[in-house]
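Colleague: This is the structure I have questions about; it appears just below.
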Amino acid sequence: MYKGPEIVQRYSAGDNLMPSEVKHVESFVEEYRERLTDISWFMRRLNEPLERLEHNLIKSLSTKA
């Protein structure tokens, strides 16, 4: 779900990036560090898959009734 942009994936894979690309990756990492320290952002992201699962379960149960 959170693999990050392609450039971050390339960086993680060890690809050689241009200095401007590395700066972009660093800014992306900094943004996500800030978000992860924001408990409300973190809780929303943690709950999202659970809410989707619940929605699908309710939807499937209501179609069977």
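Residue numbering for the sequence shown follows UniProt numbering, beginning at 1 and increasing consecutively.
The C-beta atom is built at its ideal place from N, Cα and C for all residues, glycine as well.
As the structure is a prediction and not an experimental result, all values here were calculated from the model.
In terms of residue numbering, what span does the alpha helix (DSSP H) encompassing LEU53 cover?
Modeller: Here residue 53 is taken as the residue at index 53 of the sequence shown, counted from 1. Per DSSP, LEU53 belongs to the alpha helix (DSSP H) from 39-64.
Colleague: Which of the three DSSP states, helix, strand or coil, is assigned to PRO19?
Modeller: For this step, residue 19 is matched to residue 19 along the sequence shown. Reduced to three states, the DSSP call for PRO19 is helix.
Colleague: Assuming PRO5 and PHE28 make a contact with CB atoms under 8 Å, what is their CB distance in whole Å?
Modeller: As a position in the sequence shown, residue 5 is number 5, starting the count at 1. As a position in the sequence shown, residue 28 is number 28, starting the count at 1. That belief holds up - the Cβ atoms of PRO5 and PHE28 are roughly 7 Å apart, short of 8 Å.
Colleague: If contact is defined by three or more beta carbon pairs under 8 Å, each pair taking one atom from either stretch, is the segment 22-38 in contact with the segment 52-63?
Modeller: no
Colleague: Quick one: Cα of PRO19 to Cα of LYS3, how far?
Modeller: Locating residue 19 in the sequence shown gives position 19, counting from the first residue. Locating residue 3 in the sequence shown gives position 3, counting from the first residue. PRO19 and LYS3 have their C-alpha atoms some 21 Å from each other.
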